[in-house]
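J.: Chains as they are written, first to last, in my numbering: chain F, 1027 to 1548; chain H, 48 to 486.
Sharing a structure with you now.
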Amino acid sequence: MSPLWLLAVIFIVALTGAILGRSRAIGAVDGEVSTLHSRPGYYGSYVFIWTAIPAALFMAALLIAQPFFNRSVVHDHLFGAYESGCQRSLSFGKSNAAILKAGDENAPQICRDWIEFRDLETRQDLVQGVVRNVADGLALLNKDELTKLRAGLVAIRPMMAQKGIALAEDVSAPIVSAAYRLNDARSRANFLLYGGLGILLLAGFLGSYLRIRPALRARNLVEANIRIALIIASSIAVLTTVGIVLSMLFEALNFFDHVPLVDFFFGTVWDPRFQSVGRQVSSEGGQFGLLPLLWGTMFISLVALLVAVPIGLFAAIYMAEYATRPIRAVAKPMLEILAGIPTIVYGFFALVTVGPFLRDAGASIGLSISANSVLTAGFVMGIMLIPFISSLSDDIISAVPQSLRDGSLGLGATKSETIKQVILPAALPGIVASILLAASRAIGETMIVVMAAGIAANLTANPFEAVTTVTVKIVSQLTGDLEFNSPQTLVAFALGITLFFITLGLNVFALHIVRKYREQYD
Amino acid sequence: MTDLSVPPAQSTAQMPRDYGLKKRYASEARFKLYGMIAIGMGLLFLTLLFVSIITKGYTAFEQTKIQLSLTLDEKILDPAGTRDPKQLAKAIRYNKIIEPAFYQAIGLDPKDKAQKADRKLAKKIISRGAAIELRDMVLDNPDLIGTTQSVWILASGDVDSFVKGQISRQTDEKRRQIKDKQIAWIDALLDQGIMDKKFNSGLFTFGASSRPETAGIGVAVIGSLFMMGIVLVLALPIGVAASIYLEEFAPKNKWTDLIEVNINNLAAVPSIVFGLLGLAVFINFAGLPRSASIVGGLVLTLMTLPTIIIATRSALKAVPPSIREAALGVGASKTQTIFHHVLPLASPGILTGTIIGLAQALGETAPLLMIGMVAFVKDIPVSPLDPATALPVQIYMWAGAAERAFVERTSAAILILLAFLAIMNISAVLLRRRFERRW
């Protein structure tokens, strides 16, 4: 039975229990509900919680642990079977050490299998997959077919194919026996699952049902459980952060096993040589210098901010200080539409409209502008950032106390002088914070640069040339058929954690500035 | 009040003094103008963006089709006469029906050996997906075999682009995808009304395809719907529960402070980082299938949680304490107060925040690239564990395709995505207007 069905069964049993518990509570006071400690529904919920939660937790734990357990069962069995099979097949004259060298073409097939299995993790994954497939297939066979198979009357591969399971390669005896083992382990785990579920459901139900008395403080017990659930839910946010940091740190550390820390953070050349799947990682796996990518990111972000800051800031000033109510009511949401458009749309806009336009415009005045230049990506990203700056700055400028304006105007300053010399200095921390937040957006932005920026890492200060960014490289290193444990893929996590900490730093700094600013007027 | 104390300004009339007022007023006007220009530029960019996408995309909602009268000959389709679906599924047999009918429509002899080169050229006018469409029609209703049907079949992508005027007649024939002879046939067909532009329903139902005329967003929309469903089912309860705890129960201590800082920061973490998390945790560690919408849904859930939590908390905060005190006063427990009184009153705000969070998640692309949703998926997924793509990812993949006809399809897909987003955001605004209560 699939987990979903099991969950449904648990739910139905617990619901029945809840209904029984409720009526028992009512029955215990002969229908005089007011003499119960809690409303009858709480007695039902109490039974429900005690019936469903332990069973569901047990099921979840078992389902999570089972694959790991099965894997180790298969692994141990295969290891033993390969080893003994290999030793049996060897002529006794030769010593083991002489034969069991890696890549020995003359060794018997089973010994080569064993060596591969022992030394290569990818091979282990592959074999585990084959064993799982064979086990699935064996489970589909009926008794007659099984005896035929055992007696060696039919080959296993066509038989599996007949059952709709395609095997990538011919399976050897150890794999078939491992598959039998796996099926044994599976049926034992199923037995444990059903037995455990039955016992827990029954025990949970009886334990809670029999405790129901008019004086039982059911509401408090139920509410305590609700509170635990709420705490768990609010911890998920923390768990996500922990998950982000740990998962990326773990993979990044793997990467730093291959490439020294200094070479990554201070290298000026980005040249990861791609390797195809299955080949051994060679000693010279390419160069992974972060600096060109970081420079590209900063350069594009800088151009974006050069577009977004003046436009956003002036728009904010106009909306907060000059615009009439109707204009503001139209202009502000219109600009905020820019923030709601998915970045992929901006990327497409840059790719098919802005890039070619800038290239042609450059060509007409004798400049050679690459279609995916810094300018294109930066400009379009700047458009995207306008509302981030305008909206936040608008709020902050509007929050400057009216008394400051009145004072300045009363002294004879014009409106623009008031803005420039009184309001902007007062709002400066908030404006800086909004710019920092926009910068952090720009640095972490992916789709625009993936579509509109270059792919070659380039340390150039020419805005008409193409550069690449950290996010582009994360995407390009991870989309393709790459072996997962090569530095070429793992570098994405090192880049990711760098990106995470840069943006985190900017955000924390910006929030810090905003908080400090708030204290001035409260 | 102070009028009297100001001396009458006599001297200024005789001797105008330069306070630099003109300059100051000019600078004032300039400053105001800058503001107007800034807003104007913002709106201009917005307009340009929409105009550029709409002008490129609206043509994709029509597709050139050719009306042929096809005799579904049993001898060709089902020589054995068993109506075995496996036999009927052989697409090549349907070509044998479509091609001769088409040759006749343009005045070629299907058998004449001298016209072989012409026929080869003519064949390129019809899409290779036409046979598959016809096959699906017959598989749905095998009774059609033996009858003669008038069917609109797909024209190929290049012909479609030509009919829409995207391939110029002026281009040198060698560099033009459509040759002069084909143009003559197409013009004739257009004059007779046999070839015409019809509503492109395939755009909404087809899956991935390397041929533009048979490529559609069907798979992507289903994938996106699955993901939105997962996000809604997971993020809404978890987000609301977390906000209730933080807003109503949590004691002020370091732990809750940490959670609070965390949520604010998570809202600003680049989306691609969530993709890396999904790859490392859900795919490599938990072993969930790549390209499946369940992984995408989980990743987007984690991304949407902060948005929902922040919105829910402000909605809870907006419920006045008098409500809580009244409930507590008549004997409700704290939990009852919150679940029976505060939460219902806060629900419009929560719903608005959830819709906005969902809209964000719907447009998100980068994390989905990380978990392998850039897959070539032809078949409509039936469960969240099947490989699928998402609408923005489909846009990304089409944007990288070389054919001219894919540009308009990309724009059309963007228009559809934007329409979804607009509907969601407008409904959020309407919801807020309708149910917002001032206390």
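For glycine and all other residues, C-beta sits at the position ideal for the given N, C-alpha and C.
Ignoring anything shorter than 4 residues or poking outside the stretch 1400-1424 of chain F, list the alpha helix (DSSP H) runs there in chain order.
T.: Segments of the alpha helix (DSSP H) lying fully in the stretch 1400-1424 of chain F: 1400-1424.
J.: Within 8 Å (strictly less), CB to CB, does M1473/F reach chain H?
T.: Residue mapping note: residue 1473/F aligns to position 447 of the first sequence, counting from 1. Interface residue, yes.
J.: Distance, Cα to Cα, L313/H vs V1268/F?
T.: By 1-based counting over the second sequence, the position of residue 313/H is 266. By 1-based counting over the first sequence, the position of residue 1268/F is 242. Near 11 Å, if we compare the C-alpha coordinates of V1268/F and L313/H.
J.: Are P414/H and A339/H touching if we call contact CB-CB under 8 Å?
T.: Taking the first residue of the second sequence as position 1, residue 414/H is located at position 367. Taking the first residue of the second sequence as position 1, residue 339/H is located at position 292. No, Cβ-Cβ distance for P414/H and A339/H is not below 8 Å.
J.: When the distance is taken between beta carbons, is V328/H closer than 8 Å to S1566/F?
T.: Outside the displayed range of chain F (1027 to 1548) lies residue 1566/F, so it cannot be described from this structure.
J.: Output the residue ranges of the alpha helix (DSSP H) runs that lie fully inside the stretch 229-272 of chain H and measure 4 residues or longer, sorted by chain position.
T.: The qualifying runs are 249-252.
J.: Are any of the Cβ atoms in chain F nearer than 8 Å to that of G89/H?
T.: Taking the second sequence and counting its residues from 1, the one referred to as residue 89/H is at position 42. Taking Cβ atoms only, chain F reaches closer than 8 Å to G89/H, which makes this a yes.
J.: Between which two residues does the beta strand (DSSP E) holding S116/H run?
T.: Position 69 of the second sequence holds residue 116/H. Note, S116/H: beta strand (DSSP E), 109-118.
J.: Counting only the same chain and skipping the five closest in sequence on each side, list residues whose C-beta sits under 6 Å from that of A297/H.
T.: Counting from one through the second sequence, the residue named residue 297/H turns up at place 250. Around A297/H: T303.
J.: Ignoring anything shorter than 3 residues or poking outside the stretch 1425-1485 of chain F, list the beta strand (DSSP E) runs there in chain order.
T.: The qualifying runs do not exist here; there are none.
J.: If we define contact as Cβ-Cβ less than 8 Å, is P1451/F a contact residue for chain H?
T.: Taking the first sequence and counting its residues from 1, one reaches residue 1451/F at position 425. So no, P1451/F is outside the interface.
J.: Quick check on P1566/F: buried or exposed, where buried means 16 or more other Cβ atoms within 10 Å of its Cβ?
T.: Nothing in the structure corresponds to residue 1566/F, since chain F is present only between 1027 and 1548.
J.: If we count the other Cβ atoms within 10 Å of its Cβ and call it buried at 16 or more, is W1031/F buried or exposed?
T.: The count along the first sequence starts at 1 and reaches residue 1031/F at position 5. That one is exposed.
J.: Going by the beta-carbon positions, is the gap between G344/H and I277/H smaller than 8 Å?
T.: One-based indexing of the second sequence puts residue 344/H at position 297. One-based indexing of the second sequence puts residue 277/H at position 230. Contact flag set, yes.
J.: Residues of chain H with a CB under 7 Å from the CB of S1466/F: which are they?
T.: The count along the first sequence starts at 1 and reaches residue 1466/F at position 440. A315, listed in chain order.
J.: Can you tell me the Cα-Cα spacing of V1406/F and A452/H, whole angstroms?
T.: Taking the first residue of the first sequence as 1, we reach residue 1406/F at position 380. Taking the first residue of the second sequence as 1, we reach residue 452/H at position 405. In a straight line, the C-alpha of V1406/F is about 24 Å away from that of A452/H.
J.: Between which two residues does the alpha helix (DSSP H) containing S1203/F stretch?
T.: Within the first sequence, the letter at position 177 stands for residue 1203/F. 1199-1237 is the span of the alpha helix (DSSP H), which, as asked, contains S1203/F.
J.: Please return the same chain residues whose Cβ sits closer than 7 Å to the Cβ of Q1306/F, not counting the five positions on each side in sequence.
T.: Position 280 of the first sequence, counted from the first residue, corresponds to residue 1306/F. Because the pLDDT at Q1306/F is just 47, under 50, the model does not fix this residue reliably, and the point stays unresolved.
J.: How long is the line joining the alpha carbons of G1304/F and T1148/F, rounded to whole angstroms?
T.: For the purposes of this step, residue 1304/F is taken as residue 278 along the first sequence, with counting starting at 1. For the purposes of this step, residue 1148/F is taken as residue 122 along the first sequence, with counting starting at 1. Bear in mind that the predicted position of G1304/F carries a pLDDT of just 44, short of 50, making it unreliable; the figure below should be weighed with that in mind. Near 8 Å, if we compare the C-alpha coordinates of T1148/F and G1304/F.
J.: DSSP three-state label for L335/H, please.
T.: In the second sequence, the residue the question calls residue 335/H occupies position 288. If DSSP states are grouped into helix, strand and coil, L335/H belongs with coil.
J.: Would you mind sorting N331/H into buried or exposed? The rule is 16 or more other CB atoms within 10 Å of its CB.
T.: Here residue 331/H corresponds to residue number 284 of the second sequence, with the count starting at 1. Exposed: under 16 other Cβ atoms inside 10 Å.
J.: For K79/H, decide whether its Cβ has a neighbour in chain F, counting only Cβ atoms nearer than 8 Å.
T.: Residue mapping note: residue 79/H aligns to position 32 of the second sequence, counting from 1. Interface residue, yes.
J.: Just checking my contact of A1518/F with L1411/F at CB under 8 Å: how many whole Å lie between their CB atoms?
T.: On the first sequence, position 492 is the one that residue 1518/F refers to. On the first sequence, position 385 is the one that residue 1411/F refers to. So it is not a contact: roughly 25 Å between Cβ atoms.
J.: Thinking C-beta only, is W486/H closer than 8 Å to P395/H?
T.: Mapped onto the second sequence, residue 395/H falls at position 348. Mapped onto the second sequence, residue 486/H falls at position 439. Not in contact: P395/H and W486/H (Cβ atoms no closer than 8 Å).
J.: G447/H lies in the alpha helix (DSSP H); which residues open and close that run?
T.: To locate residue 447/H, count along the second sequence from 1; it is residue 400. Premise fails: G447/H is in no alpha helix (DSSP H) and is neither H nor E.
J.: With a threshold of 7 Å on Cβ separation, who are the neighbours of S1302/F within its own chain once the five nearest residues in sequence on each side are excluded?
T.: To locate residue 1302/F, count along the first sequence from 1; it is residue 276. Confidence at S1302/F is low in this model, with a pLDDT of 44, below 50, so its placement is unreliable and the value that follows should be read with caution. Around S1302/F: no qualifying Cβ.
J.: Would you tell me roughly how many angstroms separate the C-alpha atoms of I1337/F and A422/H, rounded to the nearest one?
T.: Looking up residue 1337/F in the first sequence gives position 311. Looking up residue 422/H in the second sequence gives position 375. Each residue's Cα considered, the two are about 39 Å apart.
J.: Pick helix, strand or coil for I200/H, following the three-state DSSP scheme.
T.: As a working note, residue 200/H is residue 153 in the second sequence. Here I200/H sits in strand by DSSP.
J.: State buried or exposed for R456/H, treating a residue as buried only when at least 16 other CB atoms are found within 10 Å of its CB.
T.: Here residue 456/H corresponds to residue number 409 of the second sequence, with the count starting at 1. It counts as buried.
J.: Kindly indicate if chain F contains any beta-carbon less than 8 Å away from that of R456/H.
T.: Here residue 456/H refers to the residue found at position 409 when the second sequence is read from its first residue. By this cut-off, R456/H is not an interface position.
J.: What's the gap between the Cα of E307/H and the Cα of L409/H?
T.: Residue 307/H sits at position 260 when you count from the first residue of the second sequence. Residue 409/H sits at position 362 when you count from the first residue of the second sequence. About 25 Å.
J.: Under a CB-based cut-off of 8 Å, is Y105/H close to chain F?
T.: Locating residue 105/H in the second sequence gives position 58, counting from the first residue. So no, Y105/H is outside the interface.
J.: In or out: R1114/F buried (at least 16 other Cβ within 10 Å) or exposed?
T.: As a first step, residue 1114/F must be located in the first sequence, where it is residue number 88. Answer is exposed; the Cβ neighbour count stays below 16.
J.: So, do the stretch 1531-1538 of chain F and the stretch 1391-1402 of chain F have three or more beta carbon pairs nearer to each other than 8 Å?
T.: Touching, no.
J.: Using alpha carbons as the reference points, say which of V198/H, A406/H, I179/H lies closest to L115/H.
T.: Walking along the second sequence from the start, residue 115/H turns up at place 68. Among V198/H, A406/H, I179/H, the Cα nearest to that of L115/H is on V198/H.
J.: Can you tell me whether V429/H is buried or exposed, with buried defined as 16 or more other CB within 10 angstroms of its CB?
T.: Here residue 429/H refers to the residue found at position 382 when the second sequence is read from its first residue. Exposed: under 16 other Cβ atoms inside 10 Å.
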